[in-house]
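J.: Quick note, the numbering used here runs 129 ahead of the 1-based positions in the sequence shown.
Every residue gets a Cβ at the ideal spot worked out from N, C-alpha and C, and that includes glycine.
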Amino acid sequence: MIEHFNPWWRGRFKDDEDYRKWKESEIKWIPKEISEISLDPFPLNFLFGPTSRQNYHKIYL
Numbered sequence: 130m131i132e133h134f135n136p137w138w139r140g141r142f143k144d145d146e147d148y149r150k151w152k153e154s155e156i157k158w159i160p161k162e163i164s165e166i167s168l169d170p171f172p173l174n175f176l177f178g179p180t181s182r183q184n185y186h187k188i189y190l
């Protein structure tokens, strides 16, 4: 889905170490807020979350 909305990601997922780790992990946590975000054209979403090194997460939309 991200490649549809963000074409610059096309072919780059394999290069992202965090995404690869998430994809390979047995447990995949997806925040419930993701289902509440509008992806209809043309949304502008700002997501803010934990920023400490222990709690850092990337969210791909």
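1) For Pro-172 and Pro-160, I'd like the C-alpha separation in whole angstroms.
2) How is the alpha helix (DSSP H) around Glu-153 delimited, first residue to last?
3) With H, G and I counted as helix, E and B as strand and the rest as coil, what does DSSP make of Ile-163?
4) Rounded to a whole number of angstroms, what is the C-alpha to C-alpha distance between Glu-165 and Lys-152?
T.: Considering the structure as presented:
1) Rounded to the nearest angstrom, the gap between the Cα atoms of Pro-172 and Pro-160 is 19 Å.
2) Start and end: 146-153.
3) Helix at Ile-163.
4) Those two C-alpha atoms are separated by around 22 Å.
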